[in-house]
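Worksheet: the structure to be examined is printed underneath.
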Amino acid sequence: MAFRRVLALFGPPGAGKGTHGAKIASRLGLPVLSTGDMLRDAQRVGAPYGGAEAAAALRSGGLVADYVVAAIVAARAGLPDCARGFILDGYPRTTAQALLLDAWLAGKGAKMDTVVVLDTPDSELVERICGRWIHPASGRSYHATRTGALPSSLQEREAPSAETMRDDVTGEALVQREDDTLEALTRRLEAYRAETAPVLRHYADVVLRVDASGSATASWPRVARALGLEAAGEGDSDDRSRM
Ligand code: AP5
């Protein structure tokens with residue numbers, strides 16, 4: 006199968022890869038392949054890719070081994086819904102992963118055609134990540150302090166907790182990701198700068214840089230414009246990602 010479109014979303018943790026990725030996917034009609042989501046889903050069902058070592062990396066904000074993520078992506082991208090192409094979220098994250106991906110794509114007569122970099126200042130990332138609560142089953146994402154992303158269960162002056170933070174659709178408890186702590190975020194940012202930013206030089210010919218600061222609603226038109234997509238569309242609501 007020769008994929009027609011292969012896009013990748015780059016950006017530090019909290020830049021909005023998941024949030025904007027879902028909208029890009031609905032405009033292009035392509036699936037998003039998020040290595041973070043795939044690794045976490047496998048942990049949740051008790052079939053962790055990469056075993057205890059990968060579980061520790063996920064918790065602490067370190068990177069999972071290249072061969073593990075390369076294998077996950079190759080298996081997922083081989084499914085029929087990827088026949089027209091796909092959007093990569095969180096992969097490749099190292100130069101070794103980029104080389105593995107390029108070789109795999111070349112074997113299918115394809116190559117990376119667009120890399121979107123979501124540029125966001127560090128000061129915004131801390132607030133986005135440390136306030137994020139998610140509904141694990143659906144991936145719906147909320148924020149403990151940001152108007153427009155609060156769950157309806159949280160009343161004024163209430164502190165965020167498993168009791169007060171509930172999913173708007175199911176009423177189930179929201180959770181914070183294990184790596185959404187200041188300590189793990191620091192490690193994730195270090196990994197991004199040391200390991201992932203250099204990958205952009207590798208794809209320099211196909212890189213599009215977008216200012217992803219501000220709210221998701223404010224930054225989405227800039228992302229859409231960079232990709233030549235319609236900004237308005239069905240199913241768009243607020244800052245909630247992966248809904
Ligand atoms: P992964 O799940 O990929 O995490 P990440 O890259 O750290 O990114 P996040 O999912 O935290 O953020 P995002 O950019 O998607 O932002 P979001 O849209 O959620 O990876 C996790 C771990 O998995 C890694 O640390 C590693 O251990 C492992 N891993 C994964 N891939 C790997 C690989 N290839 N190799 C090795 N290891 C790998 O937005 C964040 C929040 O901000 C949301 O709540 C959103 O509503 C809000 N928000 C506020 N303003 C905006 C705005 N302007 N745009 C978008 N969202 C906004």
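Add 5 to the 1-based position in the sequence shown for our numbering, that's all there is to it. Note that CB positions come from ideal geometry on N, CA and C, so glycine has one too.
Whose C-beta lies closer than 8 Å to the C-beta of residue i among residues of the same chain, with five residues either side of it excluded?
i, result
"residue 244", "Any answer about residue 244 is weak, because its pLDDT of 47 lies below 50 and its placement is not dependable; what the coordinates show is given next. 24, 148, 151, 153, 154, 220, 221, 222, listed in sequence order."
"residue 170", "138, 147, 149, 156, 158, 159, 178, 179"
"residue 49", "141"
Using alpha carbons as the reference points, say which of the options lies closest to residue i.
i, options, result
"residue 181", "157, 133, 207", "133"
"residue 189", "118, 67, 199, 236", "67"
"residue 3", "83, 93, 10, 9", "Outside the modelled stretch of the chain, which goes from 6 to 248, sits residue 3, for which no answer is possible."
"residue 234", "95, 32, 62", "32"
"residue 106", "84, 194, 78", "78"
"residue 257", "210, 227, 10, 184", "Outside the displayed range of the chain (6 to 248) lies residue 257, so it cannot be described from this structure."
"residue 35", "96, 91, 228", "91"
Alpha carbon to alpha carbon, what distance is there between residue j and residue i?
i, j, result
"residue 81", "residue 38", "8 Å"
"residue 175", "residue 108", "43 Å"
"residue 12", "residue 162", "42 Å"
"residue 52", "residue 88", "26 Å"
"residue 86", "residue 136", "33 Å"
"residue 164", "residue 129", "21 Å"
"residue 195", "residue 22", "18 Å"
"residue 47", "residue 18", "20 Å"
"residue 131", "residue 143", "24 Å"
"residue 201", "residue 118", "18 Å"
"residue 232", "residue 14", "12 Å"
"residue 193", "residue 227", "25 Å"
"residue 214", "residue 16", "10 Å"
"residue 247", "residue 30", "Because residue 247 sits at a pLDDT of 46, beneath the cut-off of 50, its placement in the model cannot be relied upon, and the following sentence gives the value as read from the coordinates. Distance between the alpha carbons of residue 247 and residue 30: 11 Å."
"residue 45", "residue 20", "19 Å"
Excluding the five sequence neighbours on either side, which residues of its own chain have a C-beta within less than 6 Å of the C-beta of residue i, listed in chain order?
i, result
"residue 173", "156, 157"
"residue 8", "90, 115"
"residue 40", "74, 95, 96"
Given residue i, which residues of its chain have a CB within under 7 Å of its CB, disregarding the five upstream and five downstream residues?
i, result
"residue 212", "120, 122, 205"
"residue 225", "25, 28, 236"
"residue 218", "125, 126, 129, 224"
I want to check one thing, is the minimum distance from the CB of residue i to the heavy atoms of the ligand AP5 below 8 Å?
i, result
"residue 102", "yes"
"residue 94", "yes"
"residue 152", "no"
At a cut-off of 8 Å, would you count residue i as near the ligand HEM, judging by its Cβ distance to the nearest heavy atom?
i, result
"residue 219", "Absence of the ligand HEM is noted for the structure shown, with the ligand AP5 being the only ligands found."
Check whether the stretch 99 to 107 touches the stretch 65 to 77, taking contact to mean three or more Cβ pairs, one atom from each stretch, closer than 8 Å. yes
Determine, using beta-carbon pairs with one atom in the stretch 111 to 118 and one in the stretch 55 to 67, whether at least three such pairs fall under 8 Å. For the pair of segments examined, the stretch 111 to 118 was found not to touch the stretch 55 to 67: the number of CB pairs separated by less than 8 Å stays below three.
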